[in-house]
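Q:
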Amino acid sequence: MTGRLISLEGGEGTGKSTQAKALIAAIESKGIKAHLTREPGGTPGAEVIRNLLLTGHEDKWNMRTEALLFAAARAEHCQSLIKPSLEKGEWIVSDRFIDSSRAYQTVSGQLSDEDIMALHEVGSGGLMPDRTFILDLPENVAARRANARDRGDSDRIGGRTSDYHHAVMAKFREYADEEPNRVKLIDAAQSPEDVTANLLQNLADLLD
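No gaps in the numbering here: position 112 of the sequence shown is 115 in this note's numbering, and each next residue is one more.
1. Return the Cβ separation of Thr-63 and Arg-159 in integer angstroms, given the expectation that the two are a contact with Cβ distance under 8 Å.
2. What residue range does the alpha helix (DSSP H) around Ile-52 cover?
3. When you compare only the Cα positions, how much space is there between Tyr-167 and Pro-141?
4. Kindly indicate which residue of Gly-112, Asn-205, Ile-85 has the alpha-carbon position closest to the one of Thr-135.
5. Taking buried to mean at least 16 other C-beta atoms within 10 Å of its own C-beta, is Gln-1 buried or exposed?
6. For my contact list, Ile-101 and Arg-67 are in at a C-beta cut-off of 8 Å; report their separation, rounded to the angstrom.
7. Looking at the unbroken alpha helix (DSSP H) that takes in Leu-12, where does it start and where does it end?
8. Please report the residue range of the beta strand (DSSP E) in which Asp-190 lies.
9. With C-beta atoms as the reference, is Pro-43 less than 7 Å away from Leu-56?
10. Ordered along the chain, which non-local residues of its own chain (more than five positions away) have a Cβ less than 6 Å from that of Ser-111?
11. Evaluate Asp-180 with the Cβ neighbour count: other Cβ atoms within 10 Å of its Cβ, from every protein chain shown; 16 or more gives buried, anything less gives exposed.
12. At what residues does the alpha helix (DSSP H) containing Val-242 begin and finish?
13. When you compare only the Cα positions, how much space is there between Ser-32 and Leu-188?
14. Just how far apart, CA to CA, sit Arg-147 and Gly-16?
15. Between which two residues does the beta strand (DSSP E) carrying Arg-105 extend?
16. Is it the case that the Cβ atoms of Ala-49 and His-80 are separated by a distance below 7 Å?
17. Return the chain-ordered list of same chain residues with a C-beta closer than 7 Å to the C-beta of Ala-200, the five sequence neighbours on each side being excluded.
18. Please name the residue, chosen from Ala-28, Ala-70, Lys-174, Ala-37, that lies closest to Asp-139 on a Cα-to-Cα basis.
19. If Ser-20 sits next to Asp-98, beta carbons under 8 Å apart, how far is it from one beta carbon to the other, in whole angstroms?
20. For Ala-29, which residues from the same chain have a beta carbon less than 6 Å from its beta carbon, with the 5 sequence-adjacent residues on both sides left out?
21. For Ala-70, which residues of its own chain have a beta-carbon under 8 Å away from its beta-carbon, when the five flanking residues on both sides are left out?
22. Classify Thr-135 as helix, strand or coil using the three-state DSSP reduction.
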């Protein structure tokens, strides 16, 4: 079977990590070797960059530096884990991938989508997911879940303003409108079990 790259996207507190684990279990139940990973991070080198990106004060990095660091982390992730796994016919389920960079680094207006994709082409050969799921949740519910998870101690990016996170989710919804074959918008207000069932329904064509 051909290796596949599946990404889970969405705002803070939408349940990406929970659903990534559920997807891995469902994929492996079909006898397919699969890897659960995350961005930024996923490999030792990329995890070092993750720590640089997510800790410290908001003004620690400007948006251009932040975009370069995300691209560097992804380049390492792709080179060391994702591409070798795909070449062996294994599946990757990643909690965030390129669409997070597109959304989070462009809403400030300092960088364009073309800028982010150019960095992705240089660093990671332009690798795109076979399927991307965007977990969509009312913002007040997502914020409440994120606060409960972080106990009031969110990272540099999670702690940005509600207007920023609102703009990020608007970007994600645009991607679903623009690329309906690759990007699927999923109602994350359902029970976790129903969300998983919806994800698998929208993944059936790749699993068959």
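Where is the CB? At the ideal position from N, CA and C, for every residue including glycine.
A: In short:
1. The residue labelled residue 63 in the question sits at position 60 within the sequence shown. The residue labelled residue 159 in the question sits at position 156 within the sequence shown. Looking at the sequence provided, one finds Lys at residue 63 rather than Thr. The beta carbons of Lys-63 and Arg-159 sit about 7 Å from each other, so the pair counts as a contact at 8 Å.
2. Within the sequence shown, the letter at position 49 stands for residue 52. Counting along the chain, the alpha helix (DSSP H) containing Ile-52 begins and ends at 47-57.
3. Translated into positions along the sequence shown, residue 167 becomes position 164. Translated into positions along the sequence shown, residue 141 becomes position 138. Approximately 15 Å, taken between the alpha carbons.
4. Residue mapping note: residue 135 aligns to position 132 of the sequence shown, counting from 1. The shortest Cα separation from Thr-135 among Gly-112, Asn-205, Ile-85 belongs to Asn-205.
5. With the chain covering 4 to 211 only, the question about residue 1 has no answer from this structure.
6. Along the sequence shown, read from residue 1 onward, the residue named residue 101 stands at position 98. Along the sequence shown, read from residue 1 onward, the residue named residue 67 stands at position 64. Taking a contact as a CB-CB distance under 8 Å, the pair Ile-101 and Arg-67 does not count as one, their CB atoms being some 17 Å apart.
7. Translated into positions along the sequence shown, residue 12 becomes position 9. A small fix is needed here, since residue 12 is Glu in this sequence, not Leu. Segment 8-13 is the beta strand (DSSP E) holding Glu-12; no alpha helix (DSSP H) there.
8. By 1-based counting over the sequence shown, the position of residue 190 is 187. Note, Asp-190: beta strand (DSSP E), 186-190.
9. Residue numbering aside, residue 43 sits at position 40 when the sequence shown is read from its first letter. Residue numbering aside, residue 56 sits at position 53 when the sequence shown is read from its first letter. A contact, by the Cβ cut-off of 7 Å.
10. Indexing the sequence shown from 1 puts residue 111 at position 108. Spatial neighbours of Ser-111 in its own chain (CB-CB distance under 6 Å, excluding positions within 5 residues in sequence) are listed in chain order as Met-66.
11. In the sequence shown, the residue the question calls residue 180 occupies position 177. Answer is exposed; the Cβ neighbour count stays below 16.
12. Because the chain spans 4 through 211 in this model, residue 242 falls outside it and cannot be assessed.
13. By 1-based counting over the sequence shown, the position of residue 32 is 29. By 1-based counting over the sequence shown, the position of residue 188 is 185. Cα to Cα, Ser-32 sits roughly 24 Å from Leu-188.
14. Numbered from its first residue, the sequence shown carries residue 147 at position 144. Numbered from its first residue, the sequence shown carries residue 16 at position 13. Straight-line spacing of the CA atoms in Arg-147 and Gly-16 works out to 8 Å.
15. Locating residue 105 in the sequence shown gives position 102, where the first residue counts as 1. Boundaries for Arg-105: no beta strand (DSSP E) harbours it, while the alpha helix (DSSP H) harbouring it runs 101-109, taken from the DSSP string.
16. Stepping through the sequence shown from its first residue, residue 49 is reached at position 46. Stepping through the sequence shown from its first residue, residue 80 is reached at position 77. A contact, by the Cβ cut-off of 7 Å.
17. If you number the sequence shown from 1, residue 200 lands on position 197. Annotation for Ala-200: no residue places its beta carbon closer than 7 Å to its own, counting only its chain and skipping 5 residues before and after.
18. Residue 139 sits at position 136 when you count from the first residue of the sequence shown. The shortest C-alpha separation from Asp-139 is found at Lys-174.
19. Position 17 of the sequence shown, counted from the first residue, corresponds to residue 20. Position 95 of the sequence shown, counted from the first residue, corresponds to residue 98. At roughly 5 Å, the Cβ-Cβ gap stays under 8 Å, so Ser-20 and Asp-98 are in contact.
20. One-based indexing of the sequence shown puts residue 29 at position 26. Only Leu-203 meet the Cβ criterion.
21. In the sequence shown, counting from the first residue as 1, residue 70 sits at position 67. So the list reads Ser-104, Gln-108, Leu-114, Asp-118, Ile-119, Leu-122, once near-sequence residues are dropped.
22. As a first step, residue 135 is located in the sequence shown; it is residue number 132 there, counting from the start. Taken through DSSP and simplified to helix, strand or coil, Thr-135 comes out as strand.
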